[in-house]
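Sequence positions in the sequence shown follow the working numbering and run 19 to 190.
Ideal Cβ positions, reconstructed from N, Cα and C, are used throughout, including at glycine.
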Amino acid sequence: MVMDKKQEQAARQAQPTCSMRDRLTRFMEEKAMRKTPERYEILRVAGLAGGIFTIDDLMHLMNEHAQFQVSRATLFNTMELFCEAGLVIKHSLATAAHYEMRTDSSPKAYVICRQCNTITKVSTSTARLALQNLHVRYFNIEDKLVYMHGLCRKCQAKNRQEARKKVKKLKS
Ligand SMILES: [Zn+2]
19 MVMDKKQEQA ARQAQPTCSM RDRLTRFMEE KAMRKTPERY EILRVAGLAG
69 GIFTIDDLMH LMNEHAQFQV SRATLFNTME LFCEAGLVIK HSLATAAHYE
119 MRTDSSPKAY VICRQCNTIT KVSTSTARLA LQNLHVRYFN IEDKLVYMHG
169 LCRKCQAKNR QEARKKVKKL KS
């Protein structure tokens, strides 16, 4: 049976309790892909990240926790596959792609520091409620992600300290 995008999504949403592993299995079966142990191991280790991670972070995690090592290229390709399977959210930032396990499709909000480029997930029930009712005609929204840009606490403190140092220098 060939499913169109909408049916595929409905099928995915119909089984929210289904584990990530089962979802990966189903996706690979649908696409007639080889169910390699590497893919399952990468999925398991990515789950250990517990939040937002880069390929570098994942590489470190693989070095520490994986049963076998894979190349960076394999990690990149596998993350693309996981995105397609709806298992992972990809944040395409200017610095490097950041990923996160897609455990559900609820609206999510993030803050990105323009100085140190860190991305942090924020829990904003208000944003979530507002976004839940957001619909776009003729567009099938799969994820509702909001990015807010600004300065993180660390960078604010750093900038204040540097400004103080400058003032001191001017005075002396
Ligand atoms: Zn910062």
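Under the three-state reduction of DSSP, which class applies to residue i: helix, strand or coil?
i      : result
ASP75  : helix
ILE60  : helix
GLN33  : Note that GLN33 scores 41 on pLDDT, short of 50, meaning its location in the model is unreliable and no value can be drawn from it.
ASP122 : coil
ARG39  : helix
CYS134 : coil
VAL185 : helix
ALA175 : helix
CYS101 : helix
ASN191 : The structure shown does not extend to residue 191, since the chain is modelled only from 19 to 190, so the question has no answer here.
GLY69  : coil
MET80  : helix
GLN87  : coil
MET46  : helix
LEU10  : The structure shown does not extend to residue 10, since the chain is modelled only from 19 to 190, so the question has no answer here.
HIS153 : coil
Name the DSSP bridge partner or partners of residue i?
i      : result
SER110 : ALA115
ALA127 : VAL140 and VAL164
On the premise that residue j lies in contact with residue i, defined as a C-beta separation below 8 Å, what is that separation, rounded to the nearest angstrom?
i      : j      : result
LEU152 : LYS162 : 7 Å
LEU105 : MET38  : 6 Å
MET77  : ARG90  : 6 Å
ARG41  : ALA114 : The Cβ separation is near 26 Å, so there is no contact.
The stretch 83–92 touching the stretch 104–121, judged by at least three CB pairs closer than 8 Å: The answer is no - the stretch 104–121 does not touch the stretch 83–92, with fewer than three Cβ pairs under 8 Å.
Contact the stretch 131–144 vs the stretch 165–178: 3+ CB pairs below 8 Å: yes
The stretch 90–99 touching the stretch 40–57, judged by at least three CB pairs closer than 8 Å: yes
Touch test, the stretch 64–82 against the stretch 118–127, Cβ-Cβ under 8 Å, three pairs minimum: Yes, the stretch 64–82 touches the stretch 118–127.
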